[in-house]
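Okay, structure first, notes after.
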Amino acid sequence: MDRTMKVIFDTDPGIDDAMALLYLSKLPQIELLGITTVVGNASIEKTTRNALYLRQQFGISAPVVQGAGETLDGVKKQEPAIVHGDDGLGNIDIPEVDRGGLDGRVASQFIIDTVKANPGEVTIIAVGRMTNLALALRAEPGIAKQVKQVIIMGGAFGYKGRSGNVTPLAEANIYGDPVAADEMFAAEWPVVVVGLDVTHDIVLDTDYLAALSRDVGANGELLRKMSEHYAHFYNNIMGINGVVGHDLLAVTYALHPEWFETRRGPIVTITEGLATGQTAQMPETRKGGDPAWAGRPVQTICTDVDGAKVLEHFRVTVAG
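Per the working numbering, the very first residue in the sequence shown carries number 90; after that it's consecutive.
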């Protein structure tokens, strides 16, 4: 990269969100403009509190902006305490947070204002539900053409036999607000989907987490401690020896897209019925069309990744 990338990080912290935020905070190529929060891994009150705590812990100057506490589909989903703990961060002891870093706007307005102030320059990295993005589009549809790119962690397209993690068809962030996701995919901005097809190649095992604790210091130990609860879910329910660093991979793509294999084509999110939350792409190479995909912009999904390079880059970056 020959200049700084301006980033809005849209998040629902979340243990892997914390990993991604520490990663962002250590990258000199990134200018973090704001941390916008959304309901998901915990309530909006908790995800905002968690973002403020992590901002303070990681020494980040960018503001936190509280976002949507309800989803556009009008369906309240149970918070995944079994995965992220009751507090969203692995049931650690979270101290009182300094709320001086909280911006007074709502997240969707912050996104609009920031994009308009930096036309063509802002990358949105969204690793929670897409509600804030959809609300921004509803209020100001024209901002889509002013955004440099949107990189999301979400979705699953069946590569390597990987499908949904909430249902057999749906990934959690998309299932959490399928209406918002569908509106986001339909907008005229370039979207890159870093989904379960590739995130399960990023497994932080016990030795890796111990090395983070040793090499990174207090923040590495914080990630290791958070991951104890996270690991219980992955070990005992998913049969994975370690924890999956889903969200950090969206950050990696922003810097090193060459480490990924991709496929392009318009994307639809199924918004009702048994397949609610499923992401379905029509490859641009496919002949003929279907009305459901007609007129939608071509977007990019990740189908493979060099996981070893990602894990090494993350370790070296946060240790630095």
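No residue lacks a Cβ here, since even glycine has one placed at the ideal position from N, Cα and C. Bear in mind the structure is a predicted one, so any value in this text is a computation, not a measurement.
DSSP three-state call for I241: helix, strand or coil? Within the sequence shown, residue 241 is the residue found at index 152, counting from 1. In the structure shown, I241 falls within a strand segment according to DSSP collapsed to helix, strand and coil.
Alpha carbon to alpha carbon, what distance is there between G189 and I149? Here residue 149 refers to the residue found at position 60 when the sequence shown is read from its first residue. Here residue 189 refers to the residue found at position 100 when the sequence shown is read from its first residue. Going by the C-alpha atoms only, they are around 13 Å apart.
Limits of the beta strand (DSSP E) - the one that L122 falls within: Here residue 122 refers to the residue found at position 33 when the sequence shown is read from its first residue. Note, L122: beta strand (DSSP E), 119-126.
Judging by CA-CA distance, which residue of V283, L111, D202 is the nearest neighbour of Q145? Your numbering for residue 145 matches position 56 in the sequence shown. Taking only the C-alpha atoms, the option nearest Q145 is L111.
Under a three-way DSSP split, which group does G193 fall into? Position 104 of the sequence shown, counted from the first residue, corresponds to residue 193. It is coil, neither helix nor strand.
Among residues of its own chain, excluding the 5 on either side of E310, which ones have a beta-carbon nearer than 6 Å to its beta-carbon? To locate residue 310, count along the sequence shown from 1; it is residue 221. So the list reads S302, once near-sequence residues are dropped.
Can you name the start and end residues of the alpha helix (DSSP H) that T374 belongs to? Taking the first residue of the sequence shown as position 1, residue 374 is located at position 285. That residue, T374, is in no alpha helix (DSSP H); it is neither H nor E in DSSP.
Could you check the C-alpha separation between M90 and G328 for me, to the nearest Å? In the sequence shown, the residue the question calls residue 90 occupies position 1. In the sequence shown, the residue the question calls residue 328 occupies position 239. Any reading at M90 needs caution, since the residue's pLDDT is 46, under 50, leaving its predicted position unreliable; the model's value is listed next. Going from the Cα of M90 to the Cα of G328 covers about 38 Å.
Identify the residues that DSSP records as bridge partners of V268: which are they? For the purposes of this step, residue 268 is taken as the residue at position 179 of the sequence shown. DSSP, once it has assigned bridges, lists no residue as partnering V268.
If you compare alpha carbons, which of G103, D105, P117 is closest to V96? In the sequence shown, the residue the question calls residue 96 occupies position 7. Nearest C-alpha to V96: P117.
What alpha helix (DSSP H) runs, 4 residues minimum, are completely inside the segment 281-307? Entirely contained in the segment 281-307, the alpha helix (DSSP H) runs reaching 4 residues are, in chain order, 285-288, 295-305.
Should R375 be counted as a contact of the ligand ATP given a C-beta to heavy atom distance under 8 Å? For the structure depicted, the ligand ATP is absent and the ligand set is empty, with no information on it obtainable.
Helix, strand or coil: how does DSSP classify M90 here? The sequence position of residue 90 within the sequence shown is 1, counting from 1. Unreliable placement is indicated for M90, whose pLDDT of 46 sits below 50; no coordinate value is reported for it.
Would you kindly work out how many angstroms separate the C-alpha atoms of H321 and T368, rounded to a whole number? Locating residue 321 in the sequence shown gives position 232, counting from the first residue. Locating residue 368 in the sequence shown gives position 279, counting from the first residue. Roughly 28 Å separates the two Cα atoms.
Quick one: Cα of S197 to Cα of K398, how far? Counting from one through the sequence shown, the residue named residue 197 turns up at place 108. Counting from one through the sequence shown, the residue named residue 398 turns up at place 309. About 34 Å.
Looking only at its own chain, which residues have a Cβ that is under 7 Å from the Cβ of I181, when we skip the five neighbours before and after it? Here residue 181 refers to the residue found at position 92 when the sequence shown is read from its first residue. K314, M315, listed in sequence order.
Classify F246 as helix, strand or coil using the three-state DSSP reduction. Position 157 of the sequence shown, counting from 1, holds the residue named residue 246. Three-state DSSP puts F246 in coil, outside helix and strand.
Is the segment 194-209 in contact with the segment 164-172, if contact means three or more CB pairs nearer than 8 Å? no
In terms of residues, what are the limits of the alpha helix (DSSP H) holding T137? What you label residue 137 is simply residue 48 of the sequence shown in a count that begins at 1. Following the DSSP letters along the chain, one finds T137 inside the alpha helix (DSSP H) bounded by residues 133-147.
V211, enclosing alpha helix (DSSP H) - first and last residue: Within the sequence shown, the letter at position 122 stands for residue 211. Unbroken run through V211 is the beta strand (DSSP E), 211-215; no alpha helix (DSSP H).
What residue ranges within the segment 329-406 form continuous alpha helix (DSSP H) runs of no fewer than 4 residues, ordered along the chain? 337-344
With 16 other Cβ atoms within 10 Å as the buried cut-off, status of A30: Because the chain here runs from 90 to 409, residue 30 falls outside it and cannot be looked at.
Quick one: give me the first and last residue of the alpha helix (DSSP H) that N221 is part of. By one-based count along the sequence shown, residue 221 stands at place 132. N221 -> alpha helix (DSSP H) spans 220-228.
Residue range of the alpha helix (DSSP H) that includes Y112: On the sequence shown, position 23 is the one that residue 112 refers to. Run containing Y112: 104-114, per the alpha helix (DSSP H) assignment.
Classify L363: buried if its beta carbon has 16 or more other beta carbons within 10 angstroms, exposed otherwise. One-based indexing of the sequence shown puts residue 363 at position 274. When all chains shown are included, L363 counts as exposed.
Check whether I213 and V195 have beta carbons under 9 Å apart: Position 124 of the sequence shown holds residue 213. Position 106 of the sequence shown holds residue 195. Their beta carbons are not under 9 Å apart, which means I213 does not touch V195 by this criterion.
Buried or exposed (CB count within 10 angstroms, at least 16 for buried), A339: Sequence index remark: in the sequence shown, residue 339 carries index 250 (1-based). Classification of A339: buried, given that the 10 Å Cβ count is 16 or more.
Between the CA atoms of I232 and N262 - distance to the nearest angstrom: In the sequence shown, counting from the first residue as 1, residue 262 sits at position 173. In the sequence shown, counting from the first residue as 1, residue 232 sits at position 143. N262 and I232: Cα-Cα distance of roughly 23 Å.
So, T137 versus N130, is the Cβ gap smaller than 9 Å? The residue labelled residue 137 in the question sits at position 48 within the sequence shown. The residue labelled residue 130 in the question sits at position 41 within the sequence shown. Contact: no.
Using DSSP with H/G/I as helix, E/B as strand and the rest coil, what is D99? In the sequence shown, the residue the question calls residue 99 occupies position 10. The answer is strand: DSSP assigns D99 an E or B state.
Our contact map puts V211 next to K234 with C-beta atoms below 8 Å; I'd like the distance itself, whole angstroms only. Taking the sequence shown and counting its residues from 1, one reaches residue 211 at position 122. Taking the sequence shown and counting its residues from 1, one reaches residue 234 at position 145. Wrong, their Cβ atoms sit about 12 Å apart, outside the cutoff.
So what does V153 bridge to, in DSSP terms? For the purposes of this step, residue 153 is taken as residue 64 along the sequence shown, with counting starting at 1. BP columns for V153 point to I124, L191.
When burial is assigned at 16 or more other CB atoms within 10 Å of the CB, is G193 buried or exposed? Mapped onto the sequence shown, residue 193 falls at position 104. Per the 10 Å Cβ criterion, exposed.
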